[in-house]
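Student: Numbering (my numbering), first residue to last: 5 to 365.
Here it is, the structure, as structure tokens.
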């Protein structure tokens, strides 16, 4: 069967690329021809626009390294492009949706209206081309806010859901809201990165020369410096060095910046870390998969639905800390008596059953 995957495959975001890789790998392992549809949402693309981004940081910050920002960002994009060319099977732009037996919309935050600049018809199956093929939502997320937001959006979503032959979402809170707007079952499933065993991710890693370190990773600009400070306190408490996984030019060592930091680098530094401190969903997911000692930093006023929902499923709510964490008492996870892969076994089985059921229809 030829299956098209509709997601954020081109984002300069480690988790976005790796979830796309995971879905593609799962489908290929099942014996199908899977490829990523080369569709790009304008709002998402503009977020990573070179000139817009660099103008913003140059106006807000006053550090010499920002003068190199355009070059550093080009190196970062090159690192992602290198990984994508090697590991992602992207369809030619001429490929039509009706050439697929099935289209999976997801995973990732395809229904985050703020991120996608409102309703994107492609992500909601609302195009003429999509009407001639089956389309299912696959582990879709709406980000930190569960849909719908207001009455008008509620009615629009109710209509758009009819475009799908099957529905699955990532968060339980989103599943509860969406279920009220459709007669179809809405199945909560895991992010696809959690459906591949750790060995498959380890195969993408390379040797890291840094030893005995705390790694810090956050995606949002408003959040990452705070997360970095939390990680620094832990590193000082444990007598370890600190590594900041960078996305752009504002964090991390200049050595890493000049290399670029692709998805394989991201996995490698997480895998070899002594401790992981993160506010990222995928940072949390891979910390679990690699059985790392980790802490998730969650702003108590804002919350983080995606991270909190995952930790509840994994029985790891105790790993949540705030920005004021001082690590007076550091309690390590006993991985000899706790297996995160086993803890998520029921969720994994339900996720794969949904995928298999949609394919067989």
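C-beta atoms are modelled at their ideal positions from N, C-alpha and C, and glycine is treated no differently.
In this text the structure is predicted, and so the values were computed from the model without any measurement.
#1: Do residue 284 and residue 222 have their CB atoms nearer than 8 Å?
#2: What is the DSSP secondary structure of residue 38, counted as helix, strand or coil?
#3: Quick check for students: name the residue ranges of the beta strand (DSSP E) that lie wholly in the region 67 to 129, counting only runs of 3 or more.
#4: Rounded to the nearest angstrom, what separates residue 279 and residue 218 at their Cα positions?
#5: To the nearest angstrom, report how far apart residue 224 and residue 104 are at their CA atoms.
#6: Is it right to say residue 301 is buried, meaning 16 or more other beta carbons lie within 10 angstroms of its own, or is it exposed?
#7: If contact is defined by three or more beta carbon pairs under 8 Å, each pair taking one atom from either stretch, is the region 141 to 154 in contact with the region 108 to 121?
#8: Would you call residue 205 buried or exposed, if buried means 16 or more other Cβ atoms sit within 10 Å of its Cβ?
#9: Which same chain residues, not among the five before or five after residue 82, have their C-beta less than 7 Å away from its C-beta?
#10: Is the Cβ-Cβ distance between residue 10 and residue 196 less than 8 Å?
#11: Which residues mark the beginning and the end of the alpha helix (DSSP H) in which residue 177 is found?
#12: Once DSSP output is grouped into helix, strand and coil, what is the label at residue 310?
#13: By the DSSP assignment, the alpha helix (DSSP H) with residue 367 in it spans what residues?
#14: Compute the distance between the beta-carbons of residue 327 and residue 350, then report whether it is under 8 Å.
#15: Rounded to whole angstroms, what's the CA-CA distance from residue 253 to residue 76? Just pull it up for me.
#16: Consult DSSP for residue 12 and reduce its assignment to one of helix, strand or coil.
#17: Looking only at its own chain, which residues have a Cβ that is under 7 Å from the Cβ of residue 184, when we skip the five neighbours before and after it?
#18: Could you spell out the range, first to last residue, of the beta strand (DSSP E) harbouring residue 138?
#19: Short check: CB of residue 266 to CB of residue 86, under 8 Å?
#20: Classify residue 268 as buried or exposed, calling it buried when 16 or more other Cβ atoms lie within 10 Å of its own Cβ.
#21: May I ask you to list the residues that DSSP assigns as paired with residue 192?
Tutor: Working from what's here:
#1: Residue mapping note: residue 284 aligns to position 280 of the chain shown, counting from 1. Residue mapping note: residue 222 aligns to position 218 of the chain shown, counting from 1. In contact: residue 284 and residue 222 (Cβ atoms closer than 8 Å).
#2: Your numbering for residue 38 matches position 34 in the chain shown. In the three-state scheme derived from DSSP, where H, G and I count as helix and E and B as strand, residue 38 is classed as strand.
#3: Taking only runs of at least 3 residues, the beta strand (DSSP E) segments lying wholly in the region 67 to 129 are 106 to 109.
#4: Position 275 of the chain shown, counted from the start, is the residue given in the question as residue 279. Position 214 of the chain shown, counted from the start, is the residue given in the question as residue 218. Cα-Cα distance, rounded: 5 Å.
#5: Working through the chain shown from its first residue, we reach residue 224 at position 220. Working through the chain shown from its first residue, we reach residue 104 at position 100. Approximately 35 Å, taken between the alpha carbons.
#6: Within the chain shown, residue 301 is the residue found at index 297, counting from 1. So residue 301 counts as buried.
#7: yes
#8: As a first step, residue 205 must be located in the chain shown, where it is residue number 201. Buried, since its Cβ has 16 or more Cβ neighbours within 10 Å.
#9: Position 78 of the chain shown, counted from the start, is the residue given in the question as residue 82. Excluding sequence neighbours, residue 82 sits near 264.
#10: Taking the chain shown and counting its residues from 1, the one referred to as residue 10 is at position 6. Taking the chain shown and counting its residues from 1, the one referred to as residue 196 is at position 192. Contact flag unset, no.
#11: Your numbering for residue 177 matches position 173 in the chain shown. 176 to 183 is the extent of the alpha helix (DSSP H) around residue 177.
#12: Here residue 310 is taken as the residue at index 306 of the chain shown, counted from 1. Here residue 310 carries a helix assignment [DSSP, helix/strand/coil].
#13: As shown, the chain starts at 5 and ends at 365. That puts residue 367 outside it, with no answer to give.
#14: Here residue 327 corresponds to residue number 323 of the chain shown, with the count starting at 1. Here residue 350 corresponds to residue number 346 of the chain shown, with the count starting at 1. No. Outside cutoff.
#15: For this step, residue 253 is matched to residue 249 along the chain shown. For this step, residue 76 is matched to residue 72 along the chain shown. Because the pLDDT of residue 253 is 48, which lies under 50, any placement of that residue in the model is unreliable, and the number read from its coordinates should be weighed accordingly. Going from the Cα of residue 253 to the Cα of residue 76 covers about 6 Å.
#16: By one-based count along the chain shown, residue 12 stands at place 8. If DSSP states are grouped into helix, strand and coil, residue 12 belongs with coil.
#17: Along the chain shown, read from residue 1 onward, the residue named residue 184 stands at position 180. Closer than 7 Å at the Cβ level, and outside the excluded window around residue 184, lies no residue.
#18: Position 134 of the chain shown, counted from the start, is the residue given in the question as residue 138. First-last of the beta strand (DSSP E) with residue 138: 138 to 141.
#19: Translated into the one-based positions of the chain shown, residue 266 becomes position 262. Translated into the one-based positions of the chain shown, residue 86 becomes position 82. Against a cut-off of 8 Å, the Cβ pair of residue 86 and residue 266 comes out as a contact.
#20: Against the chain shown, residue 268 aligns to sequence position 264. Classification of residue 268: buried, given that the 10 Å Cβ count is 16 or more.
#21: Taking the first residue of the chain shown as 1, we reach residue 192 at position 188. According to DSSP, which records beta bridges pairwise, residue 192 is partnered with 173.
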